Amino acid sequence: MTERLYYRDPTLLEFEGTITDTGQRDKVWYTVLDRSAFYPTSGGQLHDVGTLGGNRVIDVKEDGDDDQAVVEHITTERVGEPGDTVAGVVDADRRLDNQQKHTAQHIISQVFADSSGLETVSVHLGIDYGAVELDTDSVEESLLEQVESRANEIIQACYPVHVLFLSPEEAQELPLRKRPPERERLRVIRIGDLDYSACGGTHCTNTGQVGLIKLIGVETMRGHALVKFLAGRQALDDYTRRWQLTATLATTLTCHFEDLPERVSSLQQDADDCRRQLRQAQKELLPVKAERLASESQDMSGIPVAIARDNDLDPKVATQLARHAADFNKGVAIILTGGRMLIAAAKESPKTAGQLARTLCDLTGGRGGGNDTQAQVGQVDIDNEQVLGHLVAKAIDEA
Ligand SMILES: [Zn+2]
Numbered sequence: 296m297t298e299r300l301y302y303r304d305p306t307l308l309e310f311e312g313t314i315t316d317t318g319q320r321d322k323v324w325y326t327v328l329d330r331s332a333f334y335p336t337s338g339g340q341l342h343d344v345g346t347l348g349g350n351r352v353i354d355v356k357e358d359g360d361d362d363q364a365v366v367e368h369i370t371t372e373r374v375g376e377p378g379d380t381v382a383g384v385v386d387a388d389r390r391l392d393n394q395q396k397h398t399a400q401h402i403i404s405q406v407f408a409d410s411s412g413l414e415t416v417s418v419h420l421g422i423d424y425g426a427v428e429l430d431t432d433s434v435e436e437s438l439l440e441q442v443e444s445r446a447n448e449i450i451q452a453c454y455p456v457h458v459l460f461l462s463p464e465e466a467q468e469l470p471l472r473k474r475p476p477e478r479e480r481l482r483v484i485r486i487g488d489l490d491y492s493a494c495g496g497t498h499c500t501n502t503g504q505v506g507l508i509k510l511i512g513v514e515t516m517r518g519h520a521l522v523k524f525l526a527g528r529q530a531l532d533d534y535t536r537r538w539q540l541t542a543t544l545a546t547t548l549t550c551h552f553e554d555l556p557e558r559v560s561s562l563q564q565d566a567d568d569c570r571r572q573l574r575q576a577q578k579e580l581l582p583v584k585a586e587r588l589a590s591e592s593q594d595m596s597g598i599p600v601a602i603a604r605d606n607d608l609d610p611k612v613a614t615q616l617a618r619h620a621a622d623f624n625k626g627v628a629i630i631l632t633g634g635r636m637l638i639a640a641a642k643e644s645p646k647t648a649g650q651l652a653r654t655l656c657d658l659t660g661g662r663g664g665g666n667d668t669q670a671q672v673g674q675v676d677i678d679n680e681q682v683l684g685h686l687v688a689k690a691i692d693e694a
């Protein structure tokens, strides 16, 4: 078994241990030591990272049962031979994140149990956030606010966090939050007189070190509410990012950040109004535009064909423009807008809009279709007017 140095001292980051076993598996090396300060992934908490004998530790795993389990340090290079003494250094930032997140989880679980009788059935302490799965399918917003507020009070009260090693009989005397595993010696984390929980993880030594807890949302998992949270530096980083974002938006929109929702909603209204007015103006201009377009028609195999490109037109207006132009030239009108080809054919045209669309689909690899007077082809990627003209002429011939 490996003596777990973090059990007694979660602040110990540098240590020496003797290699008891090593080998290669799946192209990486595992190294077992007689003692280690590295935390292996377990109990919902992620492993530590750092270096062992100068080699980067990319993973830390637990192998074996309970008290007899060993800790395997995974590296890409061989660390040493059995019997060698090597120095280990645990990455301080990642350890602190884990300590803050894990202590926050104990506090949050305790406050849910205390305030509403909701038990934590599983925990997730990931890279991006922590989460507790509660034995309920939903949590009221007001309860979340109450829990967050109480959890931060516990942080501000700076309760000491003790690690106790107890026999199962001694542990029975304590109000443990959850049923402990059956072991000869139990490791119990005590937060002031508020919370006792059997746990093997790395925690802060005082609730004040957690700094801050922010609940960031609830998801449903396996019919249970999963309450997600940020803690410590991660919560502060998140606050900083959000502060910068709202400050930038407030400067851009020249308002106080608290007025942002109202300002954005008024801008959306303005944009809607502008779109409506633009559509109306484009509609009123249609006959003039259509007549001009029709007057520029080219003769293609005896059919007058008007072609235009206009990416600023509303698609509905563009369809009407093609329609009107075809009525004027008594042939075909094609408008290319936003990668779409809108085709209109007058009833006098010997080639229908549908026939042209099908032929253009074959020629361009686009998709589309339509009826005798109106059709369209999507996904048309032609930026050269001459190529466009040739293509339409070919389609008129072949349709
Ligand atoms: Zn814990």
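Counting from 1 along the sequence shown, just add 295 to a position and that's the residue number in our numbering.
The beta carbon of each residue, even a glycine, is placed where N, CA and C say it ideally should be.
Remember, predicted model here, so these are calculated numbers, not experimental data.
With distances taken between CB atoms, is the gap from residue i to residue j smaller than 8 Å?
| i | j | result |
| --- | --- | --- |
| ASP692 | SER596 | yes |
| VAL434 | VAL522 | yes |
| ASN393 | LEU347 | no |
| HIS368 | ASP432 | no |
| ASP343 | PHE333 | yes |
| ARG478 | ASP361 | yes |
| ARG373 | TRP324 | yes |
| GLY345 | GLY383 | yes |
| ALA387 | LEU308 | yes |
| SER462 | ARG485 | no |
| THR326 | ILE353 | no |
| LEU548 | LEU540 | no |
Pull up the distance between the alpha-carbon of residue i and that of residue j, whole angstroms please.
| i | j | result |
| --- | --- | --- |
| GLU410 | VAL442 | Reading the sequence as shown, one finds Ser at residue 410 and not Glu. So the alpha carbons of these two residues sit roughly 8 Å apart. |
| GLY375 | SER331 | 15 Å |
| LEU608 | ALA545 | 32 Å |
| THR380 | ARG351 | 17 Å |
| GLN615 | LEU581 | 8 Å |
| ALA466 | ARG445 | 26 Å |
| ASN501 | ILE403 | 15 Å |
| LEU264 | GLY660 | Since the first residue of the chain shown is 296 and the last is 694, residue 264 is not available in this structure. |
| GLN564 | ASN606 | 23 Å |
| GLN451 | VAL559 | 36 Å |
| LYS356 | SER337 | 8 Å |
| MET516 | GLU436 | 18 Å |
| ASN666 | SER590 | 25 Å |
| ALA530 | PRO476 | 32 Å |
| LEU686 | ASP594 | 14 Å |
| ASP567 | ALA408 | 49 Å |
| GLU680 | ASP423 | 51 Å |
| ASP533 | GLY503 | 19 Å |
| GLN575 | ASP678 | 28 Å |
| LYS473 | GLU464 | 15 Å |
Short of 8 Å in beta carbon distance, which residues of its chain neighbour residue i, apart from the five on each side in sequence? Order them along the chain.
| i | result |
| --- | --- |
| GLY634 | GLY673, GLN674, VAL675, ASP676 |
| GLY626 | SER592, ILE598, PRO599, VAL600, ALA601, ALA640, ALA641, GLU643, SER644 |
| LEU471 | VAL483, TYR491, SER492, ALA493 |
| ALA542 | PHE552 |
| LEU573 | ASP609 |
Based on Cα-Cα distance, which residue from the options lies nearest to residue i?
| i | options | result |
| --- | --- | --- |
| PHE310 | GLY318, ASP329, VAL323, GLN319 | ASP329 |
| PRO610 | ILE403, LYS578, ILE508, LYS473 | LYS578 |
| VAL505 | SER492, LEU686, TYR301, GLY527 | GLY527 |
| LEU439 | ASN606, GLU464, ILE508 | ILE508 |
| GLY425 | GLY412, THR549, PHE524 | PHE524 |
| THR668 | LEU429, ARG662, ASN679, ALA648 | ALA648 |
| ARG299 | GLY503, GLN363, GLN319 | GLN363 |
| TYR301 | GLN451, VAL385, THR535, GLY349 | VAL385 |
| ALA585 | GLN572, ASN624, GLN319, ASP594 | ASN624 |
| LEU651 | ALA688, CYS569, LYS473 | ALA688 |
| ARG303 | GLU514, ARG474, GLY495 | GLY495 |
So residue i and residue j are in contact, right, with Cβ under 8 Å, and what is the actual spacing, rounded?
| i | j | result |
| --- | --- | --- |
| THR297 | VAL365 | 5 Å |
| ALA617 | ILE630 | 5 Å |
| VAL497 | PRO335 | One detail in the question is off: residue 497 reads as Thr in this sequence, not Val. Going by Cβ atoms, the distance from THR497 to PRO335 rounds to 11 Å, so no, they are not a contact pair. |
| TYR454 | LEU510 | With a Cβ gap of about 20 Å, TYR454 and LEU510 do not count as contacting. |
| LEU420 | HIS397 | 6 Å |
| ALA243 | THR632 | For residue 243 there is no data in the structure shown, the boundaries of the chain being 296 and 694. |
| LEU429 | GLU414 | 7 Å |
| GLN395 | CYS550 | Contact doesn't hold; Cβ gap of about 35 Å is too wide. |
Between residue i and the rest of its own chain, which residues show a CB-CB distance below 6 Å, the 5 nearest in sequence each way excluded?
| i | result |
| --- | --- |
| LEU637 | ALA613, THR614, ALA617, ILE630, GLN671 |
| GLU418 | According to the sequence as given, residue 418 is Val; it is not Glu. Around VAL418: GLY339, GLN400, VAL427. |
| LEU588 | ALA601, ALA603, ALA620 |
| GLY628 | The question names Gly, but residue 628 is Ala in the sequence shown. Result list for ALA628: ALA601, ALA617, ALA620, ALA621, ALA639, in chain order. |
| GLY663 | ALA652, CYS656, GLN671, VAL672, GLY673 |
| GLU514 | LEU521 |
| LEU469 | TYR491 |
Excluding five sequence neighbours on each side, which residues of the same chain lie with their C-beta closer than 7 Å to the C-beta of residue i?
| i | result |
| --- | --- |
| PRO377 | ILE314, THR315, ASP316, THR317 |
| GLY512 | LYS523 |
| GLY487 | TYR454, PRO455 |
For residue i, is the beta carbon positioned less than 7 Å from some heavy atom of ligand 3?
| i | result |
| --- | --- |
| ILE484 | Judged by which ligands are present, ligand 3 is missing from the structure shown, whose ligands are ligand 1. |
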